[in-house]
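In what follows, a single structure is set out as structure tokens and then discussed.
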Amino acid sequence: MTISVAVSGASGYAGGEVLRLLSNHPDVTIGAITAHSNAGQRLGELAPHLHSLADRILVETTVEQLRGHDVVFLALPHGHSAEIASRLPAETLVIDAGADHRLESPEAWEKFYGSAHAGTWPYGLPELPGARELLVGAKRIAVPGCYPTSVQLALVPGFAANLLEPDDVVVVSASGTSGAGKSAKINLIGSEVMGSMNPYGVGGSHRHTPEMEQGLSNAAGVPVTVSFTPTLAPMPRGILTTATAKVKPGVDEATLRAAWTAAYADEPFVHVLPEGQWPATSSVMGSNHAQIQLAFDPHAGRVIVSAVIDNLTKGTAGGAVQSMNIALGLNETAGLAHEGVAP
Ligand SMILES: NC(=O)c1ccc[n+]([C@@H]2O[C@H](COP(=O)([O-])OP(=O)(O)OC[C@H]3O[C@@H](n4cnc5c(N)ncnc54)[C@H](OP(=O)(O)O)[C@@H]3O)[C@@H](O)[C@H]2O)c1
Numbered sequence: 065m066t067i068s069v070a071v072s073g074a075s076g077y078a079g080g081e082v083l084r085l086l087s088n089h090p091d092v093t094i095g096a097i098t099a100h101s102n103a104g105q106r107l108g109e110l111a112p113h114l115h116s117l118a119d120r121i122l123v124e125t126t127v128e129q130l131r132g133h134d135v136v137f138l139a140l141p142h143g144h145s146a147e148i149a150s151r152l153p154a155e156t157l158v159i160d161a162g163a164d165h166r167l168e169s170p171e172a173w174e175k176f177y178g179s180a181h182a183g184t185w186p187y188g189l190p191e192l193p194g195a196r197e198l199l200v201g202a203k204r205i206a207v208p209g210c211y212p213t214s215v216q217l218a219l220v221p222g223f224a225a226n227l228l229e230p231d232d233v234v235v236v237s238a239s240g241t242s243g244a245g246k247s248a249k250i251n252l253i254g255s256e257v258m259g260s261m262n263p264y265g266v267g268g269s270h271r272h273t274p275e276m277e278q279g280l281s282n283a284a285g286v287p288v289t290v291s292f293t294p295t296l297a298p299m300p301r302g303i304l305t306t307a308t309a310k311v312k313p314g315v316d317e318a319t320l321r322a323a324w325t326a327a328y329a330d331e332p333f334v335h336v337l338p339e340g341q342w343p344a345t346s347s348v349m350g351s352n353h354a355q356i357q358l359a360f361d362p363h364a365g366r367v368i369v370s371a372v373i374d375n376l377t378k379g380t381a382g383g384a385v386q387s388m389n390i391a392l393g394l395n396e397t398a399g400l401a402h403e404g405v406a407p
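The numbering of the sequence shown is the numbering used here, which starts it at 65 and goes up by one.
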């Protein structure tokens, strides 16, 4: 069986990463690849690493170009997906890397994005409790944000096992610059970023905060409050998330470790490292893997969990392809089996 796939936003980082993964997918034929200001360009000029697709020409992102494929990936700025998806046939699998359909709460969407809520689609983080069941056969999938992927993978096992207090979760994440997309921004040029780190979106204002709270609250069964601070790190890819939460009375280190280990024992892409070995972003670069380590700080009564992902792979395109595989009944790891590229 060959599945025809169109990729919109193919001139951007997320769309380009979808193409990189699909070019190694055994069941897929790549059809239309679309762009906006770069429509008409040869892909090889913009993404020279995509050798097998170098001579393909980017076309304008229109419903007409995207229609007629079995699967359509949307890797567009947020706010652009709903209109396109509504005009694609119901039987087309539409996978949105943007934020438009991730949030369940219209109020949270309007508060953080300032526009009308477009609705909620099945959420493409298969490792969450019950998520795979909702993805099987789905025709619309919302791919999680990159930070929320790392934070949910870090903390959901503890909330699902009722080991953590819901009202004192603190997360600090460092992200590589590709997390902000490919368009030129002064704060992302080399001179500003190299050899330096800075926080941004401080004080609960980052748009990924409600998405993290949604996933953790669903796992906990009660509302979870997250204090989230992102930082920008001098690397092109990768996220290092450090998440801490107060543990419930009587919970000890062995109980914590057992919960995380059990949660990911059968997962092909999420790995709890051997005790004492802490994750590094370089280990997962270019791969769909996430690595996790945790420790109990008895003095503070907190669990500290570090998680690393590649923001463009497990944090976007890899999660999207993994979700596609589940939705279509393919091998879940198809196109995703490669290791990281450290150092
Ligand atoms: N970067 C990440 O790590 C990451 C992680 C998770 C989710 N995402 C999400 O993925 C989506 C794409 O992000 P990105 O990082 O790939 O951004 P990007 O590198 O800036 O790429 C944006 C893409 O959208 C196209 N585009 C821009 N304005 C458009 C418009 N008005 N109409 C149609 N297409 C338009 C661009 O085309 P031209 O270049 O031809 O103008 C480009 O192909 C975003 O919703 C983002 O939140 C990104």
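Glycine included, C-beta positions come from ideal geometry on N, C-alpha and C.
Reduced DSSP category for residue i - H, G, I as helix; E, B as strand; rest coil
i, result
"residue 253", "coil"
"residue 228", "strand"
"residue 262", "strand"
"residue 196", "helix"
"residue 371", "strand"
"residue 294", "strand"
"residue 237", "strand"
"residue 109", "helix"
"residue 310", "strand"
"residue 86", "helix"
"residue 366", "strand"
"residue 318", "helix"
"residue 10", "Here the chain comprises residues numbered 65 to 407, so residue 10 is not present and cannot be evaluated."
"residue 304", "strand"
Segment limits, beta strand (DSSP E) that includes residue i
i, result
"residue 148", "Counting along the chain, residue 148 falls outside any beta strand (DSSP E), though it belongs to the alpha helix (DSSP H) covering 145-150."
"residue 129", "Looking at the DSSP string, residue 129 is not in any beta strand (DSSP E); the run it does join, the alpha helix (DSSP H), is 127-130."
"residue 204", "204-206"
"residue 72", "67-72"
"residue 386", "Counting along the chain, residue 386 falls outside any beta strand (DSSP E), though it belongs to the alpha helix (DSSP H) covering 382-392."
"residue 359", "354-361"
"residue 160", "157-160"
"residue 135", "135-138"
Contact test: residue i Cβ vs ligand 1 heavy atom, cutoff 7 Å
i, result
"residue 251", "no"
"residue 394", "no"
"residue 86", "no"
"residue 351", "no"
"residue 141", "yes"
"residue 177", "no"
"residue 77", "yes"
"residue 242", "yes"
"residue 247", "yes"
"residue 73", "yes"
"residue 314", "no"
"residue 144", "yes"
"residue 102", "yes"
"residue 161", "yes"
"residue 125", "yes"
"residue 96", "no"
"residue 307", "no"
"residue 279", "no"
"residue 379", "yes"
"residue 329", "no"
"residue 302", "no"
"residue 99", "yes"
"residue 382", "no"
Residue interval of the alpha helix (DSSP H) (run including residue i)
i, result
"residue 271", "Where residue 271 is concerned, there is no enclosing alpha helix (DSSP H), given that its DSSP letter is neither H nor E."
"residue 95", "Unbroken run through residue 95 is the beta strand (DSSP E), 92-99; no alpha helix (DSSP H)."
"residue 333", "First-last for residue 333: undefined, no H or E at that position."
"residue 175", "170-177"
Residue i vs residue j beta-carbon contact at 8 Å
i, j, result
"residue 351", "residue 304", "no"
"residue 320", "residue 292", "no"
"residue 92", "residue 137", "no"
"residue 353", "residue 378", "yes"
"residue 221", "residue 149", "no"
"residue 85", "residue 102", "no"
"residue 105", "residue 96", "no"
"residue 375", "residue 239", "yes"
"residue 133", "residue 162", "no"
"residue 218", "residue 344", "no"
"residue 325", "residue 336", "yes"
"residue 227", "residue 312", "yes"
"residue 384", "residue 82", "yes"
Cβ-heavy atom distance, residue i to ligand 3, below 7 Å
i, result
"residue 376", "This structure simply doesn't include ligand 3; it includes ligand 1 instead."
CB contact check: residue i to chain B, cutoff 8 Å
i, result
"residue 299", "The structure shown has no chain B; it contains just one protein chain."
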